[in-house]
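A short write-up of the structure that comes next.
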Amino acid sequence: CKSRFEKLRLSNDVAKKYQEGIRLYNKKDYNKALILFEGLVQKYRGTAEAEDLNYYYAYTLYRLKDYTTARYKFKEFADTYPASKNAEECRYMGAYCYYLDSPKSSLDQENTYKAIDALQLFINLYPKSDRAKQAAQYIANLRDKLETKAFDNAKLYYDLGGYDITNYKSAVVALKNAQIEFPDIKYAEEMNLLIVKAQFMYAKNSYANRQEERFEQAIEYYNEFMEAYPDSKYAKEAKQLKQDSESGIVNAKKQLAENAAMIAKYKALEESDKKKKDTTTNKNLDNKTQK
Amino acid sequence: LKVNGLNLDYFAPREYIIGGTTLSGSKYLDKDVIIVLSKLTKGETIMLPGEATANAIKNLWAQGLFDDIKLNVSKINGDTVYFDIEVVELPRLSGLEFTGISKSQKTDIQEKLGDKVGKTIINDNLYNTTRAVITKFLYEKGYFYTKVDYKTKPDPNQENSMILQVNIDKGKRVKVQKIEFEGNKEFKSAKLRKYLKKTKQRAFYKIFGSGKFNKEKYEEDKLNFIAKLHEKGYRDAALISDSVYRYNDKTVGIKIKMYEGPKYYFGKISWVGNAKYPTDLLNKIFGIEPGEVFSEEKLEKKLRGSANGDDVSSLYLNDGYLTFNVDPVQTRIYGDTVDVEMRIYEGPKYTVNKVSVMGNTITNDRVVLREIRTKPGDYFSKEALIRGVREIGQLGNFDESKTNPVPKPNQDGTVDIVYHVEEKPSDQIELSGGFGGGRVIGTLGLTFNNFSLKNLFKGEAYRPLPKGDGQKLSLRGQTNGKYYQSYSFSFSEPWFGGKKPVSFGVSAFTSLQSNGLAKSNSQYYGIRLNGVSFSLGRKLKWPDNWFSLVHSINLNQYILNNYPGYLFSTGESYNLNITQEIARDSRNHHIFPTGGAYLRFTIQATPPYSLFNNVNYNTASDKQRYKFTEYHKWKFEAQFFETVVGKLVFKGQAQFGFLGSYNSAVGQSAFERFKLGGDGMQGFDFLQGSEIIAMRGYANNAVIPVGANPSIAQSSGSPIFTKYVMELRYPVINSQQATAFLTVFGEAGNTWNKFGDFNPFNVRRSAGIGAKIFLPIFGLLGIDYGHAFDRIPGVQDGGKQSFTFSIAQQLGGFN
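This is the structure:
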C-alpha cells in the first residue's frame, strides 16, 4: 500500500503536486518538497508558474544544505528572470551559497575565490542594496581566511626547519611571497619577525664559510623590521636576534681564521716534509751525477 | 504569409499596429506563454511584411516543440492587424531505451547522441540521426552489418510524451581475412603485419580476439606502423594508400600500399648553444654514435623522453633550466647519412617561488606540502618534482594518476608550482559474519587512512569523521561469543609533532580463546593474549633519501588457564622485545610497482633474562622456564620490480629469517618461530606469536624441516627459513577504482631447525598462476593455483595444496 505522498508523486496532477510542494516546504519537510519540485521543473518549463517554482526549488536546495546545486539554481533564476522582484535576493543567495561552501583555510580555496567574485559581482550590480553591506563583510571574512592560509603555509617551512635547514631559506621566500600577495595582511608584523628568525636560524645552522653573508642578511631583515614597526611588541626578541647574529659573525670569522691557521700550519708541515724529501732526492741526484 | 483574400506586397511594406494574436492547433501547451514567446504583443507597431513576423516563427521554432508552425494574418482592419499562429504539436521525447547492445556501448552511444531527452520531438529527423550515429559507432567497432529498428510507446508518467525504443541487431563482428602489403622490399610482409599491433589476420590458433576488425584501432595502427618504420631508420617510409574491402560476409581484407625508401644512418652530431655543459658531456649522455641506424624515436628519447632521467633534457631540467629546449635539426642529408645539429636554448636558471596545492578538499595543506621536494628558494628540479608526486601518492589519500604538478615560469626567473591533486576514498571497512560450529562469528574492522586526532572532540569537523591530518586509525574486533574474542586498535601519525618526518605508532590488542565455560567452572580452560607496542620511525637522508629506520618496543603477555597441548598449562609468559628495522623503499607505486626495489633488514631481541635471573634451566619447571621468553631474531627481505616489456612486470623476491638463542641451556624460543606455506594469513596461529610466511602450492604450515617430526614441527614452527619468489605480473585493470593483475610465479623455500643444517639451495619448489585485485575499500584479494614439486614426507597430502585464497591483507603476506 502506497503512502499518500507516493501516490501523489506518481500521479500526473501537476497542479496538486505544486500545491503540495509549497505546503511541504512551508512545513519544513524539504526532502519531500524537493522530490516534487524536481519533477515539476521540467513540466512547468515555458509557463507562468515556472518563476515561483524555481524560486522555491532553489530555496529547498539551500535549506537542505546542498549549496553547490542551490547556488547554481539561484544564479539560473537571477539570469532567467532579471526583472523579477526576487532577482536581487537570488543573486545574493547564489553568492552566499558560495560563501557557505568555502572550506577551512587549510584546504583548497577554489570556492573561496569564486565566492569573493560572486559577492563582488553582487555589490557591483546592487551597490545601494542593504545586502551589499553584508556582502562586503563576507568578502572581508574570506580575505581573512586566505591571509591565514598564506601565513600558515609559509610558517610551515619555518616549523620544518629543524629537520632540513634549507626549509628556513624556503620560509623566508614563502613569507615574503605571502606579503606581496596580501600587502595589508593582518599577520604582517609577526611575519616580519619570523623572516628575521628564519634567516637567523638558516645562518646559524650553515657552514662557517657561508655564515657571515647569511647573518648579514638577517641583520638587514632586522633593520627592515624595526623600520616598519619601530615600537613593535616583538622589538626585544628581534633585537636579541640581531645581537646573536652579530656575535654569530664574530664567531664565524674567528672559526674561519682558526681553520685558515690550521690549514696554514698543516701546509707548512707538509711543505717542510716535502723539503726534507726533496733534499734527499736532490742528494740522490747529486750522487748519481757525481757517479 | 497568407492573408484571407489580401495580398501583401513584399516590395511595399508598411506599418501596422497589432490588434491581437490567437493560437490554434495547440493541445497541451499554454496558449498565453506561446503568444508571449512569439513576441507579437498586442499594441506594438510592426512593419508588415518585416522582421517581426520572421522572428516570431524563429522564436517558436527554437522551442523544439512543434512539427509545423504557420503564421496567418486573420484580418486587417485599417492599420490594425490580427494574427493567428497555427501549430502542429508533436509528442516530446521523454526517454530513450536501447536493446541489443552492452551497457558500456549504450553509454558511449548516448554520449554521441547528446541530450535529446525532454528537448526534442519525435519525428523522422530524430530517427535518422539516431540510426546514423548508432550505425557509424558500431561500424568503427567492427560491426559492419548493424540493423536498427524503432518503436515508440507513450510515456505513462507524462502527457504528450513518448519513449523511443531502439532495437539494435549488431550482427557479427567482421574479422580480418588477410592483410597484404605492396611496395615493401627490405621488410617481409609477415614482419610488417606484426607492426599492426591491434589488427591481426585471423588464424585457427588465435583463440582470444582472433582477428576482429576495429576501425578505430586500425587507424591507430596505421600511424604506429609508419612510426615503427621510421624508428628502424627508414625515415622516408610513408603510406601511399590503404583499403579495407569486403572479402566475404564475415570477413574483410586489407591492402596497404607503401613506400619504403632507403635506410638512413646518423652522420655528424653537433651541439650549438650549450654554455652550461660542454659538448663532450652532452655527447656522452646523448649516447648515439655516428654510424648508428637513424631513428627519430631514439633521438627523441635520448634528448627528452627516457623514463629513468638519463636524457639531455633531464640534465638541464634537474639543474633549474626549466625553459630548456633542444631542437634537433637535420642539417645535411647525403646518401644514406643524416647530419644532426642540436640547437639548444638553455634559458635562465629558475628558482622556485610559490608552491601550492589545489584540489585537496579533505586533506590539510601541510600534509601535502611537507612531502613536496620543490621548495621555495631552491633551484627548480624535475627530479624533485617527480619525487614529490611519488611521495604524495604514498600518502594513499589521492588518486595517483591525477596528481599533476604544473610549473608556471615567471618573468623574473622564478617559477610557481601548483600541485593538482584529487582526493580518493582511502578508508577501508571489513565486515563479515558467518555461522560456524553452532555459533555466529562476526568481524568488524575499520581503517581510516586520513584521520585527524586533534579534531576528535570538535563537533563541526565531523564529515562524517574528523579527517585531513594523514593519520591512520584502525579498529578491529572479531568474536564468536564466549569461545573466541579478539580486539585490536592501532594509531599512527606520520609526522610526530608535525615538524619532522618521524612517524609514531601505538597499537594494542587483546584476545581470548577458551572452551566457553564460566571461569569458576573447574572444567574451564583458556588462553588470553594481551599486547601493546610503540614505534618510532624516521626517514633517513643518508645513505640516500629512500632509507627509513623504525624502532619499536613490544610487550606481549600470555595468560594460560588449564590450557591443554601447550608448553605449560597454567601460568603467565611475557615477551618484551625491542625491534630495529632499516628499510630502503624505492618502489614507484605501492600497489602495482613497475620499477624500484624494497629492502628490509630487521633485528628483534629480548633481554637475556637467563644471564641474571638465577634460574637453573636444567631443573626449572615449565612455568619458570617460560615466564620470560628470550631470543634474538634476524630477518632480511629484498624485492625488486622491473618492467620487462609493455605492461609486463617482473618481480623478484628473497626472504630470510633466523631465530637464535642466547643460552643453550634455555634452548630455542617456542615463540616467534616461522611457519612456511599456504596463504600467509594469520589465523589462530598468532596465539603462539608465530610468524606466518606464505608459500603458494603448499598447505598452511606445511613446509617443515627435512627429517623433523611433522606434528611437532607443524604446530611449533621452525627457527630458520628462506624463501624466493619470481613472478611475472600483468595488469588487467589499473584505475582508481580497482587494480587487478594476473601472475605467473615460481617459488622456492624451506625451513631448518639448526643453523648447521641450513643450506639456502636445498629448497622445496612450486609454480603456478594467480590473480590479484585491489579495491580501495577492501584491500587486496587474491586467488592462486600452485603446483608443488616436492612432497613433504609425513604431512597430510604431502603438504600440497593447489588453491590458496587470501583476503584483505595489508601487512606482509602479499608483497
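Protein chains in written order, with the numbering used here: chain P, 12 to 302; chain Y, 905 to 1719. Just so it is clear, CB atoms sit at the ideal spot from N, CA and C, and this is done for glycine as well.
Expected contact under 8 Å - CB spacing of residue i and residue j to nearest Å
i: lysine 197 of chain P; j: glutamate 257 of chain P; result: Not confirmed; about 31 Å, so no contact.
i: asparagine 97 of chain P; j: aspartate 112 of chain P; result: Not really, about 21 Å apart at Cβ, beyond 8 Å.
i: cysteine 108 of chain P; j: alanine 81 of chain P; result: 5 Å
i: glutamate 1124 of chain Y; j: lysine 1102 of chain Y; result: 7 Å
i: serine 1452 of chain Y; j: threonine 1483 of chain Y; result: The pair is not a contact, with the Cβ atoms about 14 Å apart (cut-off 8 Å).
i: lysine 1403 of chain Y; j: leucine 171 of chain P; result: 6 Å
i: aspartate 1240 of chain Y; j: tyrosine 1168 of chain Y; result: 5 Å
i: leucine 153 of chain P; j: tyrosine 110 of chain P; result: 7 Å
i: methionine 1066 of chain Y; j: proline 1058 of chain Y; result: 6 Å
Buried/exposed call for residue i, threshold 16 Cβ in 10 Å
i: leucine 280 of chain P; result: exposed
i: alanine 916 of chain Y; result: exposed
i: tryptophan 1446 of chain Y; result: exposed
i: alanine 209 of chain P; result: buried
i: leucine 1357 of chain Y; result: exposed
i: glutamine 53 of chain P; result: exposed
i: tyrosine 1138 of chain Y; result: buried
i: leucine 21 of chain P; result: exposed
i: serine 1600 of chain Y; result: First, the amino acid is wrong: residue 1600 of chain Y is arginine here, not serine. Looking at its Cβ environment, which holds 16 or more other Cβ atoms inside 10 Å, arginine 1600 of chain Y is buried.
i: serine 1390 of chain Y; result: buried
Proximity to residue i [Cα-Cα], best of the options
i: methionine 1246 of chain Y; options: Y:Thr1265, Y:Gly1191, Y:Ile1173, Y:Ile1290; result: Y:Ile1173
i: alanine 1107 of chain Y; options: Y:Arg1139, Y:Pro1060, Y:Lys1119, Y:Thr1155; result: Y:Thr1155
i: valine 1070 of chain Y; options: Y:Tyr1031, Y:Asn1222, Y:Gly1550; result: Y:Tyr1031
i: leucine 1335 of chain Y; options: Y:Gln967, Y:Ile1681, Y:Val1519; result: Y:Ile1681
i: glutamine 228 of chain P; options: P:Asp255, P:Glu248, P:Ala246, P:Leu267; result: P:Asp255
i: glutamate 62 of chain P; options: P:Tyr124, P:Leu132, P:Phe48, P:Lys43; result: P:Phe48
i: tryptophan 1399 of chain Y; options: Y:Asn1314, Y:Asp1331, Y:Leu1273, Y:Ser1390; result: Y:Leu1273
i: serine 1407 of chain Y; options: Y:Gly1441, Y:Phe1355, Y:Asp1012, Y:Glu1651; result: Y:Gly1441
i: histidine 1134 of chain Y; options: Y:Met1066, Y:Glu1204, Y:Lys1116; result: Y:Glu1204
i: asparagine 1518 of chain Y; options: Y:Gln1508, Y:Phe1532, Y:Phe1505, Y:Thr1510; result: Y:Phe1532
i: valine 1325 of chain Y; options: Y:Gln1528, Y:Thr1474, Y:Thr1267; result: Y:Thr1267
i: alanine 161 of chain P; options: P:Ala69, P:Ile230, P:Glu192; result: P:Glu192
i: leucine 1669 of chain Y; options: Y:Phe1662, Y:Thr1626, Y:Ser1145; result: A quick correction: the sequence has arginine, not leucine, at residue 1669 of chain Y. Nearest C-alpha to arginine 1669 of chain Y: Y:Thr1626.
i: isoleucine 1495 of chain Y; options: Y:Ser1008, Y:Tyr1387, Y:Tyr1634; result: Y:Tyr1634
6 Å CB neighbourhood of residue i in its chain, flanking five on each side removed
i: lysine 1258 of chain Y; result: Asp1320
i: tyrosine 1151 of chain Y; result: Gln1081, Gly1157
i: glutamine 1461 of chain Y; result: Asn1434, Tyr1478
i: methionine 104 of chain P; result: Phe85
i: asparagine 1719 of chain Y; result: Interpretation of asparagine 1719 of chain Y is limited by its pLDDT of 31, a score under 50 that renders its predicted location unreliable; no figure is taken from the coordinates.
i: glycine 1650 of chain Y; result: Met1630, Ala1671
i: glutamate 1485 of chain Y; result: Val1454, Thr1506
For residue i, three-class secondary structure by DSSP
i: glutamate 31 of chain P; result: helix
i: leucine 1103 of chain Y; result: Contrary to the premise, residue 1103 of chain Y reads as threonine rather than leucine in this sequence. Looking at threonine 1103 of chain Y - three-state DSSP - the assignment turns out to be coil, as it is neither helix nor strand.
i: proline 1614 of chain Y; result: helix
i: alanine 1606 of chain Y; result: coil
i: leucine 118 of chain P; result: coil
i: aspartate 1316 of chain Y; result: coil
i: isoleucine 1266 of chain Y; result: coil
i: glycine 1698 of chain Y; result: coil
i: glycine 1690 of chain Y; result: strand
i: valine 1344 of chain Y; result: strand
i: threonine 300 of chain P; result: Bear in mind that a pLDDT of 44 at threonine 300 of chain P, under 50, signals an unreliable position, so the number given afterwards is only what the model happens to contain. Helix, per DSSP.
i: threonine 1255 of chain Y; result: strand
i: isoleucine 1681 of chain Y; result: coil
i: leucine 75 of chain P; result: coil
Cβ neighbours of residue i in the same chain (closer than 7 Å, five flanking residues each side left out)
i: phenylalanine 1048 of chain Y; result: Val1078
i: lysine 43 of chain P; result: Phe16, Leu35
Same chain, Cβ closer than 8 Å to residue i, neighbours up to 5 away in sequence not counted
i: serine 1514 of chain Y; result: Tyr1521, Glu1534, Tyr1566, Asn1567, Ala1569, Val1570
i: lysine 302 of chain P; result: In this predicted model, lysine 302 of chain P has a pLDDT of only 40, less than 50, meaning its place in the structure is not dependable enough to derive any value.
i: glycine 923 of chain Y; result: Lys946, Asn981, Thr984, Val985, Tyr986
Any non-hydrogen atom of the ligand MN closer than 7 Å to residue i Cβ
i: glutamate 1534 of chain Y; result: Ligands in the displayed structure: none, and consequently the ligand MN is not present.
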